[in-house]
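Heads up: the structure comes next, in structure tokens.
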Amino acid sequence: MNALVFAAVVAGGGAAAVVRYFVSRALPVGPGRLPIGVLIVNVAGALLGGVILGLAERAVLSSDLRLVLLTGVCGGLTTFSTWSVETIDLALKGRWRSAVLNLVGTLLLGIAVCAAGYLLAR
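Numbering (our numbering), first residue to last: 4 to 125.
Written out as structure tokens, the structure is:
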């Protein structure tokens, strides 16, 4: 990876993280309500990641631009989009078992360690 691509990944990730911050601040969680800001950035990032993956597969996007958009922008916006793209990519490559394991493992382990961390810190 050359320095320009690296800088673009960093800039894209930073800009997307700022967007995520402002969306979360604009749509805060209320008592008994869904964290709608987080939901919006997760869904938007997953949609954007799927579009980018599809365009890259059709060779509409270069590998450098794919890296900037997926790793930088989508990764900065939400890691959920990266996880979604990696799961779909595994399935597209016929690695169904790995895709399902990634899906279930990430959800179960993520929730389990989040609960454990909460209980330890409490």
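Every residue gets a Cβ at the ideal spot worked out from N, C-alpha and C, and that includes glycine.
Skipping 5 residues on each side, what residues in its chain have a beta carbon closer than 6 Å to that of residue i?
| i | result |
| --- | --- |
| residue 81 | 44, 45, 48 |
| residue 101 | 93 |
| residue 38 | 32 |
With distances taken Cα to Cα, identify the nearest neighbour of residue i among the options.
| i | options | result |
| --- | --- | --- |
| residue 106 | 117, 116, 93, 118 | 93 |
| residue 4 | 74, 109, 42, 63 | 74 |
| residue 52 | 117, 89, 62, 110 | 89 |
| residue 79 | 124, 39, 14, 8 | 14 |
| residue 57 | 32, 6, 91 | 91 |
| residue 60 | 95, 32, 36 | 95 |
Quick check on DSSP: helix, strand or coil for residue i?
| i | result |
| --- | --- |
| residue 45 | helix |
So, for residue i: in the same chain, excluding its five sequence neighbours on each side, which residues have a beta-carbon less than 8 Å away from its beta-carbon?
| i | result |
| --- | --- |
| residue 55 | 64, 69, 72, 73, 77, 88 |
| residue 18 | 76, 79 |
Quick one: measure Cβ to Cβ for residue i and residue j, integer angstroms, because I've assumed they're closer than 8 Å.
| i | j | result |
| --- | --- | --- |
| residue 27 | residue 12 | The pair is not a contact, with the Cβ atoms about 22 Å apart (cut-off 8 Å). |
| residue 8 | residue 67 | 5 Å |
Tell me which residues share the same chain as residue i and place their Cβ nearer than 7 Å to its Cβ, disregarding the 5 neighbours each side in the sequence.
| i | result |
| --- | --- |
| residue 83 | 45, 48, 49 |
| residue 109 | 86 |
If you scan the segment 8-35 from start to end, which runs of the beta strand (DSSP E) of 3 or more residues do you find wholly inside it?
none
At what residue ranges does the segment 55-121 contain a whole run of the alpha helix (DSSP H), taking only runs of 4 or more?
Listed in chain order, they are 66-70, 82-95.
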